[in-house]
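Data block below; observations after.
Numbering (the working numbering), first residue to last: 3 to 246.
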């Protein structure tokens with residue numbers, strides 16, 4: 003992949019992994035369409051660099067996705083990279099959670115349906131531009147799940163399999179990358195787990211793989227987790243089941 007002079011749309015761009023992706027791609031001389039829900043954070047991000055184009059959007063809502071698509075179609079026909087980064091994780095037990103249906107619907111919409119819909123909506127634009135790519139952020143929990151986040155694990159497993167299948171379909175036309183992170187030090191996992199990596203470390207590893215067209219990018223401890231899961235799935239399950 004060519005890593006400069008791209009126009010890149012990043013969802014969840016105002017914090018965590020998304021913000022680190024935005025800042026790093028700016029340093030590499032790219033233009034960023036930064037998508038997020040929080041208007042104040044988008045305004046702060048816009049002040050960093052004139053190449054940042056902020057767009058307030060709740061990707062869990064179809065009407066908002068349609069509005070974003072119209073904006074791209076009318077003003078940014080040169081978009082060539084889509085990064086589906088936004089995500090949400092709730093930890094709960096199905097037998098105990100009073101807001102079960104609401105949380106199921108929201109996690110599935112944000113983590114799984116919205117990336118698929120956004121890809122479908124923007125594919126005609128990506129297809130006509132050179133050096134085009136789709137980047138989906140999944141999780142090590144797509145490989146081996148933990149007990150207290152079944153919907154999150156399920157949605158990320160869906161993104162993992164979807165990314166592989168889409169890569170087969172779009173071969174030779176649009177490159178499909180998948181970032182598979184270990185536990186990253188973001189607000190979403192505040193107070194959970196140990197041995198977290200920084201968002202910037204994740205992004206640095208991804209950029210190296212992105213340059214080399216390495217489509218499945220295993221970050222940090224995910225490399226070891228995959229080896230353990232291949233040799234002894236039961237041991238991998240034991241290690242991850244009670245994880246936070």
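Quick reminder that beta carbons are idealized off the backbone N, C-alpha and C, glycines included.
Test item: CB-CB of residue 134 and residue 86 under 8 Å: Against a cut-off of 8 Å, the Cβ pair of residue 86 and residue 134 comes out as no contact.
Residue 86, DSSP secondary structure in three states: Per DSSP, reduced to three states, the secondary structure at residue 86 is strand.
Residue 185 in three-state terms, based on DSSP: For residue 185, the three-state secondary structure derived from DSSP is coil.
As assigned by DSSP and simplified to three states, the class of residue 192: Its pLDDT being 48, under 50, residue 192 is placed unreliably in this model, and the value from its coordinates should be taken loosely. Correct three-state label for residue 192: coil.
Distance between beta carbons of residue 88 and residue 61, contact taken as under 8 Å: With a Cβ gap of about 6 Å, residue 61 and residue 88 count as contacting.
Residue range of the unbroken alpha helix (DSSP H) whose run includes residue 48: Counting along the chain, the alpha helix (DSSP H) containing residue 48 begins and ends at 41-48.
Residue 13, DSSP secondary structure in three states: Residue 13 falls in the strand class under three-state DSSP.
Contact belief for residue 112 with residue 179 at Cβ below 8 Å, rounded distance in angstroms: About 20 Å separates the beta carbons of residue 112 and residue 179, which is beyond the 8 Å limit, so they are not a contact pair.
Beta-carbon proximity of residue 30 to residue 6, cut-off 8 Å: In this structure, the beta-carbon distance from residue 30 to residue 6 falls below 8 Å.
Per DSSP, the bridge partner or partners of residue 177: Answer is 135.
Test item: CB-CB of residue 185 and residue 84 under 8 Å: No. Outside cutoff.
Where the beta strand (DSSP E) through residue 57 begins and ends: Per DSSP, residue 57 belongs to the beta strand (DSSP E) from 54-58.
Where residue 33 sits in the DSSP three-state scheme: Taken through DSSP and simplified to helix, strand or coil, residue 33 comes out as strand.
Residue 38 - DSSP class collapsed to helix/strand/coil: Taken through DSSP and simplified to helix, strand or coil, residue 38 comes out as strand.
Neighbour-count burial assignment, residue 158, 16 or more Cβ in a 10 Å radius: With 16 or more other Cβ atoms from the protein chains shown falling within 10 Å of its own Cβ, residue 158 counts as buried.
Separation of residue 74 from residue 58, as counted between CA atoms: The alpha-carbon atoms of residue 58 and residue 74 are separated by roughly 13 Å.
Straight-line Cα distance separating residue 70 from residue 233: If I take the Cα positions, the gap works out to 44 Å.
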